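**Q** Following the UniProt record's numbering, the numbering of the sequence shown begins with 65 at its first residue and continues without gaps. Handing you this structure, nothing more for now.
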Amino acid sequence: AGGYKVAILGAAGGIGQPLSLLIKMSPLVSALHLYDIVDVEGVTADLGHCNTPAKVVGFTGQEDLAGCLAGADVVVIPAGVPRKPGMTRDDLFSINAGIVKELVEAVADHAPGSLIHIISNPVNSTVPIAAELLKQKGVYDPRKLFGVTTLDVVRANTFVAEKKNLPLADVDVPVVGGHAGATILPLLSKARPKTSFTDEEVEELTARIQNAGTEVVEAKAGGGSATLSMAYAAARFIEASLRGLDGDGDVYECSYVPSQAAVPELPFFASRVKLGRDGVEEVVAAELRGLTHFEARALEALKPQLKASIDKGVAYAQ
Ligand code: APR
């Protein structure tokens, strides 16, 4: 069991560094490859002193990208520019689309068959870009491509536990849809443990979960978006993927995946998925049945925005 190789592309960044630390702590990882266009030797030397099993190797600059990716089981992409106050995730498209393109093409060439976890925003568009490029390269497996939306779940769990005075560890709120503003749809009616909310609470919690990224952007006076909570959430998702690869039969997380199982007209949608030896084993579409009136309306309302972001990504990559 274990012995997996994880590559992190953009490892010197605000998300990349704490994420690398958290993955260095995973008992399932034997090799941790760190890549960035800026020098990663410092981060590599620093992390290498932690007495956990993963061997840390640094790769700096494009000529080292192939070496970083060779043999990777999981590739994580947090490379890109973050938001500044006043920017939406979509404003990042023009720069981050190019970065994701360059990196995913390299993954297709040097680590086909790996699980690919995309963090670079706008995730609603960067994941469709990746899918299209992998198709063009002839190595596309929709079970192995993920947009990391775990932070939406983590935030929903935290805010619901605080609001309702529930033990943090018990709360689990599925969050579906996409990963930007109103496309983020927390399904509070499906929260575990079963909890009742007033209409006001539903509206307030939903708005806070949808805008939580902006809360962080505005609080960071020096500019930048969530890094520490994002790294925490991504590490939770990567660990889940690794447990899935390891054959740990009962691993579920929400993720933005290429599947029409939940909403036929949206080719990418965040749902709870079951993770197994080949990535996604099942998309749990049942969660979208029996929605409240509020949730059903929010789902209808998000469809055009999410569809436009998907189409923009696909068009970019074609
Ligand atoms: N290849 C590899 N790494 C790159 C490339 C590239 N082509 N371009 C940029 N990077 C690296 C930068 O050198 C930097 O180390 O990506 C890292 C990004 O780090 P930050 O600027 O600190 O940004 P961060 O806050 O980590 O956010 C990165 O994640 O949540 C998303 O919206 C966020 O898209 C943004 C991304």
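Glycine included, C-beta positions come from ideal geometry on N, C-alpha and C. This structure is a prediction, so every number in the text was calculated from the model and none was measured.
Just to confirm, does Leu156 get its C-beta within under 8 Å of one of the non-hydrogen atoms of ligand 1?
**A** yes
**Q** So, are the CB atoms of Ser323 and Pro250 less than 9 Å apart?
**A** no
**Q** Any idea which residues DSSP pairs Arg256 with across the strands?
**A** Asp236
**Q** What does a CB cutoff of less than 6 Å around Phe301 pick up in its chain, not counting 5 residues either side in sequence?
**A** Counting only residues of its own chain and dropping the five nearest sequence neighbours on each side, Phe301 has a CB closer than 6 Å to the CB of Val212, Thr214, Glu317.
**Q** Kindly list the residues whose CB is nearer than 8 Å to the CB of Leu230, restricted to its own chain and excluding five residues on each side of it in sequence; keep chain order.
**A** Excluding positions up to five away in sequence, the list reads Val224, Pro257, Thr259.
**Q** Are the segment 159 to 168 and the segment 194 to 203 touching by the rule of at least three beta carbon pairs closer than 8 Å?
**A** yes
**Q** Between Val104, Ile101, Lys88, which lies nearest to Pro117 when the distance is taken from Cα to Cα?
**A** Lys88
**Q** Starting from Asp95 and walking both ways along the beta strand (DSSP E), at which residues does that stretch end?
**A** Correcting the residue type first, residue 95 is Ala in the shown sequence and not Asp. Segment 93 to 100, the beta strand (DSSP E) holding Ala95.
**Q** Looking at the strands, I want to know which residues DSSP matches up with His181.
**A** Val140, Phe210
**Q** Output yes or no for whether 9 Å exceeds the beta carbon distance between Thr262 and Pro82.
**A** no
**Q** So, do the segment 135 to 142 and the segment 293 to 313 have three or more beta carbon pairs nearer to each other than 8 Å?
**A** yes
**Q** Report the three-state DSSP secondary structure of Ser305 (helix, strand or coil).
**A** Helix.
**Q** Assuming the contact rule is C-beta atoms closer than 8 Å, Ala325 and Ala297 should be a hit. Round their C-beta distance to whole Å, please.
**A** For Ala325 against Ala297, the beta-carbon gap comes to about 23 Å, at or over 8 Å, which does not count as contact.
**Q** Would you identify the three-state DSSP class for Thr222, choosing helix, strand or coil?
**A** helix
**Q** Cutting at 7 Å between CB atoms, please list the residues of its own chain near Gly78, excluding the five before and the five after it.
**A** Pro146, Gly288, Thr291
**Q** Between Leu330 and Ile273, how many whole angstroms is the CB-CB distance? I'm expecting something under 8 Å.
**A** The beta-carbon distance between Leu330 and Ile273, rounded to whole angstroms, is 20 Å. This is too long to meet the 8 Å contact definition.
**Q** Less than 8 Å separating the Cβ of Tyr99 from some heavy atom of ligand 1?
**A** Yes, the beta carbon of Tyr99 sits closer than 8 Å to at least one heavy atom of ligand 1.
**Q** Take Ala334 as the anchor and find which of Glu264, His357, Val217, Asn115 has the nearest alpha-carbon.
**A** Val217
**Q** Buried or exposed: where does Pro238 fall if 16 or more other Cβ atoms within 10 Å of its Cβ makes it buried?
**A** buried
**Q** Which of the three DSSP states, helix, strand or coil, is assigned to Ile79?
**A** coil
**Q** In whole angstroms, what is the alpha-carbon distance linking Gly112 and Gly241?
**A** 38 Å
**Q** Three-state secondary structure (DSSP) at Leu111?
**A** Correct three-state label for Leu111: helix.
**Q** Going along the chain, which residues of its own chain have a beta-carbon closer than 6 Å to the beta-carbon of Val378, five neighbours each way excluded?
**A** Pro192, Glu196
**Q** Any heavy atom of ligand 1 closer than 8 Å to the Cβ of Thr291?
**A** Within the cutoff, so yes.
**Q** Leaving out the 5 sequence neighbours to the left and right, which residues in its chain are closer than 7 Å to Leu370 when beta-carbon positions are compared?
**A** Asn188, Gly241, Gly242, Thr247, Leu330
**Q** Classify Leu197 as helix, strand or coil using the three-state DSSP reduction.
**A** helix
**Q** Quick check on the DSSP output: what are the complete alpha helix (DSSP H) runs of length 4 or more inside the segment 291 to 367, in order along the chain?
**A** The qualifying runs are 292 to 309.
**Q** Hey, Tyr99 and Ala75 are a contact pair by Cβ (cut 8 Å); roughly how many whole angstroms apart?
**A** Between the beta-carbon of Tyr99 and that of Ala75 there is about 6 Å, and that keeps the pair under the 8 Å contact cut.
**Q** Is any heavy atom of ligand 1 found at a distance shorter than 8 Å from the C-beta of Ser184?
**A** yes
**Q** Over the uninterrupted beta strand (DSSP E) stretch that includes Thr124, give me the two end residues.
**A** 119 to 124
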